[in-house]
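Chemist: Just so you know, the sequences run in chain order A and B.
Heads up: the first sequence begins at 2 in this note's numbering, then just goes up one per residue.
Heads up: the second sequence begins at 26 in this note's numbering, then just goes up one per residue.
Even glycine gets a Cβ: it sits at the ideal position worked out from N, Cα and C.
Note that this is a predicted model, so its numbers are computed, not measured.
Sharing a structure below in structure tokens format, with a few things to ask.
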Amino acid sequence: MLSSLFPNGIAPFAIGGSLMGLGVALLYVSTGRPGGVSTFFSSSWSWLLRTAFFRQASLVDSRNWRLIYTLGLILGGALYALLGLPMEASHIPAWKLAVGGLLIGFGARLGGGCTSGHGICGMASLSAGSLVMVVTFLGAGIVTAHLLRWLA
Amino acid sequence: MSAPRPVLDAAATLASGLLFGFGLAWSTMIRPESVLAFLTFDDLGLLFVLGCAVAINLVIYQLVPRWRRQTLLGTEFQQRPFELNGTAVVGGILFGIGWGLCGVCPGPALAGLGAGNGDLLVALAGIFAGALLHGLWEGRRAA
């Protein structure tokens, strides 16, 4: 039963999740910032656009550290690959990545956060609102993935 | 917001992102197929990813601000600004549909790109476009 629910064991997941948690914890303990990722995709537009929304202080004031944090995320993945650690190739059709990305970007910003902001930082803050959001996007994700598999 | 120690602040922020991205790669979450396998219940390993990441930060977020008045770099501990309402729930549903469609979310898309999966540039372009549409739409709504 357990091996059919966890065909790849639990070690890579527990180790990876702990490393992720330590990254978010380091950011909070050293700078006091909750380490959500998705706001970066709004705050970066403030360099290009002059609309009131993109000029709001919460985006302009955080765009520098969010850019550095994002750079760190990319470098973290690059370091993993450079060390030659185990990794499998991915083959998701481009249209799914494009449409999915659009929904993810719009939805995460409308919903005030993504899997890192609500899922890790919000839950760690014992935010009831974040818990509702996690249940909402997890539910929508599970229904969508099952529906697509059933249609395929 | 000007940090009192900008170099240390930038170094800590970069190191935090690096650790987070490295962990995302280790957890296999940078591979969208791995996330989709979780959402279809074929491999529930991601429960341990979220569980371990939340458990560590539950302790940190709840205890550290009680022990210390300021962060290591002398700044304030910040609260996530969030108010739950119907609009936010719609956002969560849209996010979930996109997540279930392609198995990508913002953090893993960035770390996965770093690990060499160039396809994720398409997803990242989509996320940037989605965030842009959201900002323009919010602007019109406020006007």
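Could you give the distance in angstroms between the alpha-carbon of A/SER31 and the alpha-carbon of B/GLY70?
Modeler: 30 Å
Chemist: Quick check on B/VAL147 - is its C-beta less than 9 Å from some C-beta in chain C?
Modeler: This model lacks chain C altogether; the protein chains it does include are A and B.
Chemist: Our contact map puts A/LEU20 next to B/PHE63 with C-beta atoms below 8 Å; I'd like the distance itself, whole angstroms only.
Modeler: That belief does not hold up - the Cβ atoms of A/LEU20 and B/PHE63 are roughly 18 Å apart, past 8 Å.
Chemist: Could you list which residues in chain B have their beta carbon closer than 9 Å to that of A/GLY85, in chain order?
Modeler: By Cβ distance, chain B contributes nothing, its closest Cβ being about 11 Å from A/GLY85, past 9 Å.
Chemist: If you run the structure through DSSP and keep just helix, strand and coil, what is B/GLN24?
Modeler: Outside the shown range of chain B, which is 26 to 168, sits residue 24 of chain B, and nothing can be said about it.
Chemist: Just to confirm, are B/CYS127 and A/ILE105 a CB contact at a threshold of 9 Å?
Modeler: Yes; because the gap between Cβ atoms is below 9 Å, this pair is in contact.
Chemist: Kindly say whether A/LEU152, judged by its beta-carbon, lies nearer than 9 Å to any beta-carbon of chain B.
Modeler: no
Chemist: Using a threshold of 9 Å, state whether the C-beta atoms of A/GLY73 and B/THR38 are closer than that.
Modeler: yes
Chemist: Please report the residue range of the alpha helix (DSSP H) in which A/TRP96 lies.
Modeler: 95 to 111
Chemist: Assuming A/SER128 contacts A/VAL38 under a Cβ cut-off of 8 Å, what Cβ separation, rounded to an integer in Å, is found between them?
Modeler: Actually they are not in contact, since the Cβ atoms of A/SER128 and A/VAL38 sit about 17 Å apart, beyond 8 Å.
Chemist: What is the DSSP secondary structure of A/VAL38, reduced to helix, strand or coil?
Modeler: coil
Chemist: Just confirm the distance between the C-beta atoms of A/ALA15 and B/PHE73, as a whole number of angstroms; I'd bet it's less than 8 Å.
Modeler: 5 Å
Chemist: Would you call the stretch 108 to 125 of chain A in contact with the stretch 155 to 165 of chain B, where contact means no fewer than 3 C-beta pairs closer than 8 Å?
Modeler: yes
Chemist: Put A/ALA53 into one of helix, strand or coil per three-state DSSP.
Modeler: coil
Chemist: Helix, strand or coil for B/THR100, going by three-state DSSP, please let me know.
Modeler: coil
Chemist: In the DSSP assignment, find the alpha helix (DSSP H) that holds B/ASP34 and state where it starts and stops.
Modeler: B/ASP34 -> alpha helix (DSSP H) spans 31 to 51.
Chemist: At the level of alpha carbons, what is the spacing between A/GLY169 and B/GLY123?
Modeler: The structure shown does not extend to residue 169 of chain A, since chain A spans only 2 to 153, so no value can be given for it.
Chemist: Any C-beta of chain A within less than 9 Å: which residues of the stretch 51 to 72 of chain B qualify?
Modeler: TRP51, SER52, THR53, MET54, ILE55, ARG56, PRO57, GLU58, SER59, VAL60, LEU61, ALA62, PHE63, LEU64, THR65, PHE66, ASP67, ASP68, LEU69, GLY70, LEU71, LEU72
Chemist: Leaving out five residues on either side along the sequence, give the residues of the same chain with a beta carbon under 8 Å from the beta carbon of B/PHE45.
Modeler: GLY132, ALA136
Chemist: Report yes or no: is there a C-beta of chain A within less than 9 Å of the C-beta of B/VAL114?
Modeler: yes
Chemist: What's the C-alpha gap between B/LEU75 and A/ALA146?
Modeler: So the two alpha carbons sit approximately 19 Å from each other.
Chemist: Could you pull out every residue in the same chain whose Cβ sits closer than 6 Å to the Cβ of B/THR53, ignoring the five residues on either side in sequence?
Modeler: SER59
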